[in-house]
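In my numbering, the protein residues as written are 40 to 456. Don't be surprised by glycine CBs; every beta carbon is placed ideally from N, CA and C.
Here you go:
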């Protein structure tokens, strides 16, 4: 939200920009691929395709003139993922924005990059900007009129209108729509030992929300989706979400704690015994079946070493016995950015190679926020972060603040089929 591989040479990058095919070893630095790769590339990209008013994104994507959308589309065309989650993509009930982005941007080549067509896509409602009717920030009023920060603070997930900061999945492989599970309305209180926020001004524990409010407060700030993708004869469950940033709150740490439990949700979901408490929006209970293959993806807003995460939130996934978390995707551009920008980056404990987001230099600095995590048993090959070094012509796509596309970087992982 705006508020790994070898570095490609300049000559090689210029060749890509001209639309000439490269050997896999050169192209892989930015995710470029040979034309008939046997692997399936999964990716996540917080594209910052959010707007300040309802319907504005649809209007912007109705033409081919939106500079930010062109930049985002070109990044996707360069990386060429087969299955892609886009975070911060405003939801509309008819799915017009998702279709228009395909038709007017992804299907049109940009600066020599080849168009990319996704035959399948999925989007669904988000909790962002949905009025709760409750005073969730405890400022003494429940705001139900869209359009203000105060409204967003009291919504089920922060947003100044319904659907702001939503999600969409694009896929070149069939999506099994009948088996999709969504968890938009799962209540936070129904997670065992939930990290519910505490009002520090009272002696009672975990009492930021009243008992009445807890009957309505949802866990997911956007939604959690289990999207089954048919890859050949196998099904891979694409488990996608976008937990709230662990900031923009107070001593109660309500966003940090929610971020923690939104991440924990997937950690429990992929371990059947631990996911028995889970219930989807259709009333079906339980987590993923034993042995099912999956890829967890999204802007998780949590770094394993730095930033403001609550209680090492993302370690629940990175250390999960069902998840293969190594090696972490990397880029040369992230290392260069941390060195040039300094500030908070100088005090970070984490390896800057793995950063995926270019945040404020004063705080929190650049972080690893975006993840593509496969299940153990899936064979993986290459991975990377689309973050070119400054001398690379493609660095114009990532840039520096104010960013031409997004403050996040596309993260990808190749799975062997």
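- For residue 209, same chain residues with a beta-carbon under 6 Å away, outside a window of 5 residues either side, are 123, 157 and 160 in chain order.
- Taken in chain order, the complete beta strand (DSSP E) segments of 3 residues or longer contained in the segment 320-374 are 332-338.
- Note on residue 187: under 16 other CB atoms within 10 angstroms of its CB, so exposed under the neighbour-count rule.
- Inter-residue distance for residue 129 and residue 268 is about 23 Å (C-alpha atoms, whole angstroms).
- The beta strand (DSSP E) runs of length 3 or more contained entirely in the segment 173-220 are, from start to end of the chain, 206-210.
- DSSP, reduced to helix, strand and coil, places residue 408 outside both helices and strands of the structure shown, so it counts as coil.
- Taking C-beta atoms under 8 Å as the contact rule, residue 296 and residue 236 qualify, at a distance of about 5 Å.
- Within the same chain, and ignoring the five residues on either side of residue 238 in sequence, the residues whose Cβ sits closer than 7 Å to its Cβ are 246, 247 and 291.
- Its Cα nearest to that of residue 381, the residue 401 stands out among 401, 390 and 98.
- With respect to the C-alpha of residue 440, the residue from 147, 407, 222 and 399 having the closest C-alpha is 399.
- When the five nearest sequence neighbours on each side are left out, the beta carbons in the same chain lying within less than 8 Å of the beta carbon of residue 315 are those of 324, 325 and 326, in order along the chain.
- If you draw a straight line from the Cα of residue 394 to the Cα of residue 426, it is about 9 Å long.
- Under the three-state reduction of DSSP output, residue 450 falls in the strand class.
- Counting of Cβ neighbours within 10 angstroms places residue 347 among the buried residues, the total reaching 16 or more.
- Straight-line spacing of the CA atoms in residue 139 and residue 150 works out to 20 Å.
- Assigned with DSSP and collapsed to three states, residue 89 falls in coil, not helix or strand.
- When C-beta atoms of the segment 371-381 are compared with those of the segment 355-363, fewer than three pairs fall below 8 Å, so the two segments do not count as touching.
- By the CB criterion at 8 Å, residue 280 and residue 299 fall outside the cutoff.
- Looking at the DSSP output, residue 393 sits in no beta bridge, so it has no partner there.
- With respect to residue 206, residue 261 sits close: the two C-beta atoms are nearer than 8 Å.
- By the C-beta criterion, the segment 90-106 is judged not to be in contact with the segment 420-438, since fewer than 3 inter-stretch pairs fall below 8 Å.
- For residue 131, the closest C-alpha among the options 176, 305, 414 and 90 is that of 90.
- For residue 320, the closest of 254, 114 and 164 by C-alpha to C-alpha distance is 164.
- For residue 339 against residue 408, the beta-carbon gap comes to about 6 Å, under 8 Å, which counts as contact.
- In this structure, DSSP gives residue 299 a helical state, which the three-state scheme calls helix.
- The C-beta separation of residue 120 from residue 82 comes to about 3 Å, placing the pair in contact by the 8 Å criterion.
- With contacts defined as CB atoms closer than 8 Å, residue 197 and residue 283 qualify as a contacting pair.
- If you keep only unbroken beta strand (DSSP E) runs of at least 3 residues inside the segment 101-143, you get 122-128.
- In terms of CA proximity to residue 175, 255 leads the group 213, 255 and 244.
- Taken atom to atom, the span from the alpha-carbon of residue 183 to that of residue 249 is near 19 Å.
- Within the DSSP bridge table, the entry for residue 264 names 221 and 279 as partners.
- Just measuring C-alpha positions, the residue of 435, 363, 177 and 233 sitting nearest residue 372 is 435.
- Residues 393 of the same chain have their beta carbon placed closer than 6 Å to that of residue 367, with the five preceding and five following residues left out of the count.
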